[in-house]
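Heads up: the structure comes next, in C-alpha cells.
Numbering (the UniProt record's numbering), first residue to last: 1 to 300.
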C-alpha cells in the first residue's frame with residue numbers, strides 16, 4: 001500500500017518525530033523515503049509578503065534548509081537510501097506538487113512548526129496539506145505518547161458508517177497487519193446530532209436503533225480486519241465524537257488513530273471544523289488522516 005513516503009521538515013521537534021514515524025513505516029513496507037525542506041518565499045520581506053528573496057538571504061535560507069534535511073537523514077533509520085530535496089515557494093503547494101511528481105503514497109509531518117510550538121493546526125501548512133493531498137497524511141505531535149515509533153500495538157479506527165469514514169479502514173488494516181497490531185473499531189452515537197437541547201431526552205428506542213447501527217458498522221470493520229489476520233475489538237458508545245474518541249484512545253493506550261477527513265456532517269466539507277481536525281490538534285498519539293475525496297464523489 002505504501003511504496004513511497006514523504007517527510008517534509010522544518011527542523012522542529014515535531015517534524016523530527018514525524019520523520020521517525022515515517023522511517024518506521026518505510027521499513028515496515030519496504031518503501032522509499034523522501035525528505036524535503038521548503039524555503040518559504042512568503043517570508044521574504046516579512047510574513048506572507050510574497051516579495052523576492054535577495055541572493056544573500058536565499059543563500060542563508062538554503063544553507064539552513066540543507067542543514068535541516070541532513071539532520072533528519074542522520075536521525076532516522078531508513079530501510080534504504082533516502083532521497084532528499086529542497087524547494088522554494090509556498091510550503092503546502094510544494095509538498096503537494098512533490099507528491100504528484102513522485103507518486104508519493106503517504107506524507108508524514110508534524111502538526112507544529114518553528115513559527116510557534118504554542119500554535120495549533122489552524123492555518124498551518126499541515127492543515128493545508130491534509131485538506132488537499134490525495135494521499136493519507138500521518139500527523140504527529142512531539143508528545144510522550146508519540147515517542148514509540150517502532151510499533152503500533154493498538155490502532156483505533158473511529159467510524160460513523162459513512163463511505164468517507166470507511167476510507168480509513170484499508171490503510172488501518174494494512175498497518176495493523178504489518179505491525180501485528182490490535183485494531184479497535186469505535187462508533188460514537190452522536191447525541192449532539194439528534195438532541196435539540198439540554199432538556200431534551202432521547203427516546204430509548206431511538207438510542208437502541210442508533211447503537212444497533214453502530215454495532216453493524218464496527219462489525220464490518222472487524223470482518224475486514226480478520227481477513228488480514230488482525231485481532232479486532234469493537235465498541236459502541238453514546239456521546240460526542242471528538243471527546244469520546246480521545247477518551248477511548250487514552251483509556252485503551254491507543255498508539256495510532258486512523259480516520260477519514262469527512263463523515264456524515266457534509267460531503268463537501270474538508271477537515272476544517274471536523275472531528276478529524278480536532279483529533280489532529282489534541283491527540284497525544286499520531287493521527288493518520290485519510291482524505292476521502294474519491295469516496296465522497298462515489299457516495300454523492
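Using N, Cα and C, we set each Cβ at its ideal position, and we do this for glycine too. Please read these numbers as outputs of a predicted model, since none were measured by experiment.
Assigned exposure category for residue i - 16 Cβ within 10 Å defines buried
| i | result |
| --- | --- |
| residue 105 | buried |
| residue 99 | buried |
| residue 139 | buried |
| residue 226 | exposed |
| residue 40 | buried |
| residue 205 | exposed |
| residue 316 | Nothing in the structure corresponds to residue 316, since the chain is present only between 1 and 300. |
| residue 192 | exposed |
| residue 101 | exposed |
| residue 244 | buried |
| residue 141 | buried |
| residue 203 | exposed |
| residue 168 | buried |
| residue 305 | Residue 305 lies beyond the stretch modelled for the chain, which goes from 1 to 300, so this question has no answer here. |
| residue 242 | buried |
| residue 12 | buried |
9 Å Cβ cutoff met for residue i and residue j
| i | j | result |
| --- | --- | --- |
| residue 164 | residue 283 | no |
| residue 158 | residue 137 | no |
| residue 16 | residue 75 | yes |
| residue 253 | residue 154 | yes |
| residue 14 | residue 110 | yes |
| residue 129 | residue 96 | yes |
| residue 36 | residue 94 | yes |
| residue 79 | residue 18 | no |
| residue 218 | residue 186 | yes |
| residue 28 | residue 175 | yes |
| residue 68 | residue 10 | yes |
| residue 103 | residue 4 | yes |
Rounded separation between residue i and residue j - CA only
| i | j | result |
| --- | --- | --- |
| residue 236 | residue 183 | 14 Å |
| residue 289 | residue 61 | 31 Å |
| residue 88 | residue 277 | 27 Å |
| residue 232 | residue 222 | 6 Å |
| residue 7 | residue 83 | 10 Å |
| residue 224 | residue 72 | 36 Å |
| residue 20 | residue 143 | 13 Å |
| residue 170 | residue 131 | 20 Å |
| residue 304 | residue 213 | Past the boundaries of the shown model lies residue 304; the chain is included only from 1 to 300, so the question cannot be answered. |
| residue 147 | residue 58 | 34 Å |
| residue 160 | residue 63 | 47 Å |
| residue 234 | residue 66 | 46 Å |
| residue 107 | residue 246 | 23 Å |
| residue 166 | residue 274 | 16 Å |
Three-state secondary structure assigned by DSSP to residue i
| i | result |
| --- | --- |
| residue 141 | coil |
| residue 36 | strand |
| residue 135 | coil |
| residue 128 | helix |
| residue 82 | strand |
| residue 104 | coil |
| residue 1 | coil |
| residue 89 | strand |
| residue 11 | coil |
Proximity test, Cβ basis, 9 Å: residue i and chain C
| i | result |
| --- | --- |
| residue 205 | Of the protein chains in this structure there is only one, and it is not chain C. |
Heavy atom of the ligand FMN within 8 Å of residue i beta-carbon
| i | result |
| --- | --- |
| residue 107 | No copy of the ligand FMN appears in this structure; indeed no ligand is present at all. |
- Query: What are the uninterrupted segments assigned as beta strand (DSSP E) that are 3 or more residues long and contained completely in the UniProt domain "UspA" (152-290), given in chain order?
  - Reply: Segments of the beta strand (DSSP E) lying fully in the UniProt domain "UspA" (152-290): 154-158, 182-190, 231-239, 256-260, 287-290.
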